[in-house]
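Trainee: In our numbering, the protein residues as written are 2 to 122.
There's a structure below that I have some questions on.
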């Protein structure tokens, strides 16, 4: 089974059950190595609780770091709101050590999910 760094875009106040359900809908039973998002969301209780339920760490990245990552689906509304055109895709890539994006962003019940795998070789 594959192991994925999961990038998330979410609104403040998103509950853990919504986050875990979205991750499982997109990734199934694949192994999650970490959850990653923009640094201003890492303190969200729902995100922290979801990470605890999944048994993984949360990684946060500054908007400027995320903005430096080329992604296939940048969004101008996201850029206007948080200063980067991508949160989920860019965070997944960074959390995988600049790995390969294998699941482009998908929105499940208001949670944006993307996943990347560490590049080997």
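Ideal Cβ positions, reconstructed from N, Cα and C, are used throughout, including at glycine.
Okay, do the stretch 82-89 and the stretch 49-58 touch, 3+ Cβ pairs below 8 Å being the bar?
Mentor: no
Trainee: Is it buried or exposed for residue 90, if we count other Cβ within 10 angstroms and need 16 for buried?
Mentor: buried
Trainee: Taking only runs that begin and end inside the stretch 53-110, name each unbroken alpha helix (DSSP H) of 4 or more residues, in chain order.
Mentor: DSSP assignment within the stretch 53-110 yields the following whole alpha helix (DSSP H) runs of 4 residues or more, N-terminal first: 64-68, 77-83, 89-96.
Trainee: Report back the beta-carbon spacing between residue 36 and residue 5 to the nearest angstrom; my notes put them in contact at under 8 Å.
Mentor: Not a contact, Cβ separation roughly 10 Å.
Trainee: According to the Cβ coordinates, are residue 101 and residue 10 closer than 7 Å?
Mentor: no
Trainee: Between the C-alpha atoms of residue 88 and residue 108, what's the straight-line distance to the nearest angstrom?
Mentor: 12 Å
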